[in-house]
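These notes are about the structure you will find just below.
Residue numbers (the working numbering): 41 to 977.
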């Protein structure tokens with residue numbers, strides 16, 4: 041039986057013939073004025089008040105929330121459930137399996153290591169696009185997925201049987217965030233509490249930063265590292281400060297020609313410029329009711345891109361209609377509506393809550409946009425895309441390569457027969473090759489390369505050519521409006537005789553099988569396939585770095601000539617080195633624009649003035665000629681998408697196909713580790729651990745492992761994509777008999793710490809300022825007399841052997857991007873004790889603490905360069921030991937000394953923000969803290 045609590049809030053709610061126990065928000069004065077998102081936190085505290093972790097003081101602090109004050113009050117949030125994807129989820133299960141053994145070693149009961157909150161994993165990050173442009177692509181890629189990941193999948197099937205409260209959605213089903221909104225999300229959660237049925241808001245944390253997609257359904261949730269997720273599964277509340285809440289008012293409607301993708305790129309740019317890191321964003325106003333649920337989910341999904349913790353829409357009729365469409369029961373629908381209205385959680389556009397900050401967007405002002413070439417917040421209006429590309433290109437080529445007259449003559453001669461000489465200054469608009477020839481004589485960098493494709497086709501490649509065009513990722517493939525628009529654009533293009541350019545690797549990876557269903561009902565698959573956009577899998581694919589290799593001849597031409605080629609994807613992430621190792625420039629775009637760029641074949645293209653090609657009558661075809669009408673998109677959605685699609689595809693969602701069901705599955709309460717496995721290995725986090733914590737110590741004699749600039753992402757720190765044989769990770773696998781074709785990706789090998797520490801700081805585009813002019817994971821090894829430039833892993837091992845601790849220096853927004861726990865795990869296993877930056881992204885800062893690494897910030901107004909740090913210093917950090925008395929020091933003293941110079945002295949700000957985080961740090965990490973707690977029980 042749950043406690044009544046200090047506020048007499050426990051009550052009942054009757055819906056038809058069912059009675060539910062609820063915790064009434066109106067029992068506490070002050071809750072009624074709170075934003076929707078904070079009301080959910082308020083109910084969470086009321087229901088979980090225990091007088092120890094969650095106290096009446098926390099509840100009163102939330103009731104008296106000052107919207108204008110800076111966050112300072114710690115509360116404990118208890119999520120209703122945890123959702124995982126397999127890249128980040130596999131390490132969670134590995135750690136849980138290891139904890140079972142460790143708690144037994146400490147004298148505890150290993151059976152206590154079970155998820156206490158429902159934990160659901162969707163395997164969606166492992167499929168790669170090896171095969172494309174053919175009807176056989178889906179089956180072929182699935183076969184390869186199982187071939188590569190058999191060990192991991194067997195391990196996950198063991199976990200599903202060994203752990204209570206843990207379920208796995210098998211491969212080939214969909215992307216975790218889309219499966220979450222279409223099936224897993226409850227909106228209002230229910231569970232038995234003795235004889236009572238509790239009803240409360242659905243909340244979750246997820247091991248993927250885009251967990252915020254579920255915010256579109258009125259569910260408060262956000263991404264955490266796998267480290268925090270494991271703790272939440274084991275019953276530990278998430279420690280947080282009561283956040284500031286940004287009210288984002290929406291008005292107007294999206295104009296014809298613009299898409300939800302354009303809206304979200306506009307919002308991303310606005311919120312990044314405003315500054316919302318660590319804050320909640322909440323959408324309200326008359327315009328909210330005009331935003332379809334799929335668009336809400338698209339906006340919520342991009343919360344990590346604009347930096348907020350969550351970006352939520354309140355519950356309303358649109359929410360309930362979507363739950364009905366996706367197959368939820370009528371009982372659920374009635375409960376959601378009744379509960380939300382009873383608790384003041386139903387959206388009332390006439391009532392405005394109090395917010396910390398205010399923004400507003402008139403949706404009618406949104407214009408078609410893309411973002412790139414390396415950050416999602418770098419929005420470019422489509423009309424300015426060519427100009428922007430040309431301005432950026434010089435940053436991606438070794439020099440401004442200009443073609444001589446003879447090279448230009450050769451380019452022209454290969455395009456036009458000798459009997460038909462062409463004056464490049466008098467090219468006709470009816471000429472299909474005009475855009476490529478015109479671009480060959482402008483003043484931007486060029487490097488035109490002849491390429492013979494696998495089918496014998498002769499073509500040419502140049503800087504800016506689109507090597508990858510991929511409709512993929514959770515952001516957009518959940519949205520029927522943009523997916524149907526893409527299908528209709530494909531139909532119109534095929535009718536006019538257009539084709540994707542032969543050098544473009546095209547792919548389509550829907551977010552769930554429902555998309556396949558409505559494409560089939562609308563008769564759009566044939567046209568998509570005709571342009572090369574065949575089904576390649578249900579998963580994150582290109583967006584996570586699983587784009588697969590470029591064709592050999594394209595890859596060779598790109599690398600031999602150092603071409604700056606482009607990817608265009610309907611994703612949410614376009615960080616350097618993320619999409620494909622051969623591709624330098626990456627752009628985000630809506631699904632129909634992905635197809636448009638496949639038709640154009642180059643980023644050096646103006647859709648307004650340049651034709652995509654000619655039709656059967658020799659007439660120029662422009663993008664505006666094939667862009668689908670908004671009414672046609674709506675009509676197609678209404679005629680092709682209904683409840684039966686969702687009921688059919690989610691009827692037996694945990695069963696899996698013949699491949700999943702045919703896996704040999706280990707049994708037993710503990711896992712039998714295979715010492716020869718290169719996928720799943722027992723990690724060393726708990727080796728030598730005792731029940732008593734060792735005192736926190738200052739850091740002396742540390743060396744700088746890397747000195748990094750601004751916007752270093754978790755992709756830079758711990759890449760998820762492919763790697764080559766000459767990297768430390770590649771060498772490790774080759775030494776163990778793994779052929780290059782079986783390397784798979786960093787992300788797929790997250791269950792093996794040996795691979796992952798070798799991949800830490802190994803992104804091919806990372807720039808360590810200690811080795812200027814060098815790209816990739818290299819640094820200087822100061823244990824050697826000449827301090828040579830070596831791979832980061834090799835240097836870290838030398839320092840480890842010499843007993844030298846390490847620090848990392850960084851700039852602004854350190855650790856932005858995915859909630860990648862290995863970015864923190866790899867950091868600590870390399871021997872890094874502290875990271876000193878100008879600012880941290882929320883999740884990575886938390887993850888560093890969760891692994892026992894100290895996050896520090898330079899003094900306000902100072903940075904690594906203004907202080908004169910060059911990375912050659914020996915670093916001492918004192919004052920850390922003040923944590924031993926239970927307090928959190930505001931600053932610690934840093935002294936950096938190099939030969940022949942005065943010491944550089946400054947006080948660094950300690951970014952341990954809450955007592956809970958301090959407890960984790962004192963224990964050496966969050967998992968050690970939880971393990972000691974469970975062992976003591």
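We treat Cβ as the ideally placed atom computed from N, Cα and C, and that holds for glycine.
- The C-beta distance from residue 270 to residue 146 rounds to 17 Å, too long to meet the 8 Å contact threshold.
- Distance from the CA of residue 804 to the CA of residue 198, rounded to the nearest whole angstrom, comes to 35 Å.
- Bridge pairing for residue 505: 642 [DSSP].
- Boundaries of the beta strand (DSSP E) around residue 262: 260-263.
- Beta-bridge partners assigned by DSSP to residue 510: 547, 609.
- Between the alpha carbons of residue 337 and residue 327 lies a distance of about 15 Å.
- In the three-state scheme derived from DSSP, where H, G and I count as helix and E and B as strand, residue 747 is classed as strand.
- Relative to residue 751, the option among 808, 793, 692 whose CA is nearest is 808.
- With contact defined as three or more Cβ pairs closer than 8 Å, the segment 724-740 and the segment 809-829 are not in contact.
- Taking C-alpha positions only, residue 711 is separated from residue 967 by approximately 19 Å.
- Excluding five sequence positions before and after residue 520, the CB atoms of its chain that fall closer than 7 Å to its own CB belong to 334, 558, 677, 681, given in chain order.
- In the structure shown, residue 395 falls within a coil segment according to DSSP collapsed to helix, strand and coil.
- Pairing residue 315 with residue 349, the inter-Cα distance amounts to about 12 Å.
- For the options 627, 494, 706, the alpha carbon positioned closest to that of residue 201 is the one of 706.
- Taking 8 Å as the upper bound for CB-CB distance, residue 593 and residue 493 are in contact here, some 6 Å apart.
- Between the segment 828-840 and the segment 776-793 there are fewer than three C-beta pairs closer than 8 Å, too few to call the two in contact.
- A check of alpha carbon separations from residue 346 across 921, 857, 973 identifies 857 as the nearest.
- Look at residue 244 here: in three-state DSSP terms it is strand.
- Along the length of the segment 192-216, whole beta strand (DSSP E) runs at least 3 residues long occupy 206-209, reported in chain order.
- Around the beta-carbon of residue 925, fewer than 16 other beta-carbon atoms lie within 10 Å, marking it exposed.
- DSSP places residue 139 outside any beta strand (DSSP E); the residue lies instead in the alpha helix (DSSP H), whose first and last residues are 126-145.
- Taking C-alpha positions only, residue 217 is separated from residue 228 by approximately 18 Å.
- In the DSSP secondary-structure assignment, residue 628 is bridged to 411, 609.
- For the options 572, 744, 651, the alpha carbon positioned closest to that of residue 635 is the one of 572.
- Across the structure, residue 372 and residue 771 are spaced so that their CA atoms are roughly 54 Å apart.
- Between the alpha carbons of residue 817 and residue 768 lies a distance of about 10 Å.
- Taken in chain order, the complete beta strand (DSSP E) segments of 3 residues or longer contained in the segment 73-124 are 114-117.
- Residue 637 sits in a helix when the DSSP states are folded into three classes.
- Between residue 872 and residue 850, the C-beta spacing is not below 8 Å.
- Between residue 416 and residue 329, the CB-CB gap reaches or exceeds 8 Å.
- Under the Cβ criterion (8 Å, minimum of three pairs), the segment 540-550 counts as touching the segment 495-515.
- A Cβ-Cβ contact shorter than 8 Å links residue 746 with residue 819.
- One alpha carbon belongs to residue 932, the other to residue 920, and they sit about 6 Å apart.
- As far as DSSP is concerned, residue 218 takes part in no beta bridge.
- The C-beta of residue 431 has fewer than 16 other C-beta atoms within 10 Å across all chains shown, which makes the residue exposed.
- In the three-state scheme derived from DSSP, where H, G and I count as helix and E and B as strand, residue 49 is classed as coil.
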